[in-house]
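Counting with full-length UniProt numbering, you get residues 4 to 545 for the letters of the sequence shown.
Below you'll find the structure, written out as structure tokens, and then a few comments.
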Amino acid sequence: AAPNETREFQAEVKQLLEIVIHSLYTDREIFLRELISNAADALEKLRYQKITNKEVLDADLPLEINIELNDQDHTLSITDTGIGMTRDELVENLGTIAHSGSKAFLQHLAEGNKPDVNLIGQFGVGFYSAFMVADKVTVTTRSYRPEAVGCVWSSEGTGTYSIHEEEGLPRGTKITLDLKEDAREFAKPETIKRIIKQYSSFVPFPISVNGEKVNTIQAIWTKNKNEVSEEEYNEFYKFIANAYDEPLMRLHFSVDAPLAINALLFVPKDNFERLGFGRMEPGVNLYCRKVLIQSQSKDILPEWLRFLKGVVDSEELPLNISRETMQDSALMSKLRRVITGRFIKFLSEQAKDNPEKYKEFWQNFSMFIKEGAATDFTHQKDLVKLLRFESSKSEKGQLISLQDYVKRMKEEQRDIYYINGPAREVIEASPYLEAFRDQDMEVIYTHEPVDDYILSQLGEFEGKKLVSIDRADVELPDVNNQNGAVLPEDKVKSLSQWLKQVLGEKVSEVRESKRLSESPAIVLNPDYVSSSIQRMMQVMNK
Ligand code: ADP
Ligand code: MG
Numbered sequence: 004a005a006p007n008e009t010r011e012f013q014a015e016v017k018q019l020l021e022i023v024i025h026s027l028y029t030d031r032e033i034f035l036r037e038l039i040s041n042a043a044d045a046l047e048k049l050r051y052q053k054i055t056n057k058e059v060l061d062a063d064l065p066l067e068i069n070i071e072l073n074d075q076d077h078t079l080s081i082t083d084t085g086i087g088m089t090r091d092e093l094v095e096n097l098g099t100i101a102h103s104g105s106k107a108f109l110q111h112l113a114e115g116n117k118p119d120v121n122l123i124g125q126f127g128v129g130f131y132s133a134f135m136v137a138d139k140v141t142v143t144t145r146s147y148r149p150e151a152v153g154c155v156w157s158s159e160g161t162g163t164y165s166i167h168e169e170e171g172l173p174r175g176t177k178i179t180l181d182l183k184e185d186a187r188e189f190a191k192p193e194t195i196k197r198i199i200k201q202y203s204s205f206v207p208f209p210i211s212v213n214g215e216k217v218n219t220i221q222a223i224w225t226k227n228k229n230e231v232s233e234e235e236y237n238e239f240y241k242f243i244a245n246a247y248d249e250p251l252m253r254l255h256f257s258v259d260a261p262l263a264i265n266a267l268l269f270v271p272k273d274n275f276e277r278l279g280f281g282r283m284e285p286g287v288n289l290y291c292r293k294v295l296i297q298s299q300s301k302d303i304l305p306e307w308l309r310f311l312k313g314v315v316d317s318e319e320l321p322l323n324i325s326r327e328t329m330q331d332s333a334l335m336s337k338l339r340r341v342i343t344g345r346f347i348k349f350l351s352e353q354a355k356d357n358p359e360k361y362k363e364f365w366q367n368f369s370m371f372i373k374e375g376a377a378t379d380f381t382h383q384k385d386l387v388k389l390l391r392f393e394s395s396k397s398e399k400g401q402l403i404s405l406q407d408y409v410k411r412m413k414e415e416q417r418d419i420y421y422i423n424g425p426a427r428e429v430i431e432a433s434p435y436l437e438a439f440r441d442q443d444m445e446v447i448y449t450h451e452p453v454d455d456y457i458l459s460q461l462g463e464f465e466g467k468k469l470v471s472i473d474r475a476d477v478e479l480p481d482v483n484n485q486n487g488a489v490l491p492e493d494k495v496k497s498l499s500q501w502l503k504q505v506l507g508e509k510v511s512e513v514r515e516s517k518r519l520s521e522s523p524a525i526v527l528n529p530d531y532v533s534s535s536i537q538r539m540m541q542v543m544n545k
């Protein structure tokens, strides 16, 4: 065997270990969930290899997780018969941090923020969480590849780790923890069984503790809705989303046509992307008859639905579908269309039947719906109905939809009016609203450039033109509200000429306006752009 080699952890790992070892005292028991979830991942990957590849080491080994506790030696080991790791994979996977989210998480902690257990779940201190409870961690592993050589990795979490090769190991990974003096409770079966029940009851492989099987395996997404309790749903969510709180919304459905699909989708409570933790990875796993085909699938849903967590199971999928064919298969796009359509329908039902819930959803996740409305032309028409806005007739904080607007349009009104501004107060102080206020006509307030992008791209809604009221060509149905004296025509003409002379190239035209009642003058845009689109273009040209 090759000699023992000692290596340094990557700087970020050292930093993470420092935090894990010295400042994470609460919720230490999550280490078990992290290790079990890694074992389950490794087993899912092995199962997939067995289906798609011909040759796998120790092909007859059952797929399972065994936990051995020794209360005398104060050790805990967790063994899986999964995919294992080669020497290079050990160095890569357990010596560096790959996820950008984990780096952002680290940054967040380094800035002195208290690590919230839900964040740990999302960005995972993952494998390294073992060092919360152990002063030494040993990983004994052998890859499923027939020619693979077994390896032993060990570390005390202080800057370095060592690796050596070992003969005669079975396929899979065994992780042994020498428990810290103050963590000896984790060698007790009652403690470990309780933690497994709490966090890992949905692991789809048998888990045993000192030889006794402790979990029941169930694919709840294939069950009938009335066979699953609220608690089971929530527990399943926590398992699949690595979350510690409950989901905000849940959609469980099955369809038979045009495709056979069982799906269980969750909207989380928090949007970590909005909170500044970088771009989210997709969170929906793709199954075929309960066999995991692709975890965190990039193909099963459009990108703007990356905030969803859950499972999609379709019998239609060929088990041995390759990652490449998945990307552009007609079947996948059909699945994607059906599931996306169903989810959008669910959201519009929520908006109608459960407005408070929808409002909460909108506060956190509106950016994704807007992204969809701006980019996903297959579903744009339905997504636009999910948009919510403030308006000149909504109370502060109350939001309306385009449909609400159309319903209460004035009889003589033909167009839908909107205006962009950073905040309600700013919009209401501007002269643009004057004429509309005088005529008691509602104007939608938009606060982000993407709103105007969507509305101008859309052009119309339910046959009504969408018009930004800072455009010069806005026509009000009936303008007849001159307050005070009217200037004679020749005076207007010479005033306009003088203004044009003074302003020169800065304006293309100066003309008389009938849309003002209080302000003396107003700056308008050429017909084809609104101010916020112009601002966006300026930013893009920089
Ligand atoms: P994550 O699970 O989010 O990728 P972890 O820190 O938990 O992050 O694990 C890092 C990597 O180490 C995993 O992605 C996987 O490649 C590898 N790994 C960890 N545990 C095992 C295991 N039991 N079997 C095989 N590979 C593992
Ligand atoms: Mg993990």
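Each residue gets a CB set at the ideal place from its N, CA and C atoms; glycine is no exception.
Taking C-beta to C-beta, are residue i and residue j nearer than 7 Å?
i    : j    : result
S522 : P425 : no
D518 : A438 : Going by the sequence as given, residue 518 is Arg instead of Asp. In this structure, A438 lies closer than 7 Å to R518 by Cβ.
A133 : F34  : yes
N265 : W224 : yes
D407 : V470 : no
Y456 : A333 : no
I70  : I81  : yes
P192 : L72  : yes
L402 : R391 : yes
F349 : L254 : yes
I178 : L38  : yes
P250 : F269 : yes
G160 : I22  : no
M335 : D302 : yes
Given residue i, which residues of its chain have a CB within under 7 Å of its CB, disregarding the five upstream and five downstream residues?
i    : result
Y147 : L49, Q52, V59, L60, I86, G87, R174
S516 : I525
S317 : L262, A263, I264, C291, L338
E463 : L469
K413 : M444
S404 : K388, L390, R391
N274 : F310, N367, F368
V453 : K373, A377
L527 : D473, R474, A475
Is residue i buried or exposed, if buried means 16 or more other CB atoms sit within 10 Å of its CB?
i           : result
P149        : exposed
A244        : buried
H382        : buried
E220        : What sits at residue 220 in the sequence shown is Ile, not Glu. Counting Cβ neighbours within 10 Å, I220 comes out exposed, since fewer than 16 surround it.
residue 557 : Because the chain spans 4 through 545 in this model, residue 557 falls outside it and cannot be assessed.
N227        : exposed
F380        : exposed
N116        : exposed
E47         : buried
V505        : exposed
K83         : Correcting the residue type first, residue 83 is Asp in the shown sequence and not Lys. Flag for D83 reads buried.
Looking only at its chain, what residues have a beta carbon closer than 6 Å to the beta carbon of residue i, apart from the 5 residues adjacent to it on each side?
i    : result
R90  : C154
F189 : L79, V136, L182
T9   : T163, S165
Y240 : P250, F269
E11  : T163
Distance check for residue j and residue i, CA to CA, integer angstroms please.
i           : j    : result
A354        : V231 : 25 Å
D443        : K373 : 29 Å
P305        : L311 : 11 Å
E284        : Q299 : 7 Å
G313        : P65  : 26 Å
A62         : R187 : 36 Å
D473        : K399 : 22 Å
L308        : F371 : 7 Å
L20         : V140 : 12 Å
I430        : S459 : 19 Å
I68         : L172 : 16 Å
K362        : G507 : 48 Å
V315        : I347 : 16 Å
Y202        : E238 : 7 Å
P271        : Y420 : 34 Å
residue 546 : Y131 : Shown here, the chain extends from 4 to 545; a query on residue 546 therefore has no answer.
A14         : R282 : 23 Å
M329        : N41  : 25 Å
W365        : E359 : 10 Å
L109        : L27  : 13 Å
Excluding the five sequence neighbours on either side, which residues of its own chain have a C-beta within less than 8 Å of the C-beta of residue i, listed in chain order?
i    : result
L93  : V142, T144, C154, W156, I166
S351 : D385, K388, L389
L498 : L490
Under a criterion of Cβ closer than 5 Å to any non-hydrogen atom of ligand 2, which residues qualify, in chain order?
Result (chain order): N41, G129.
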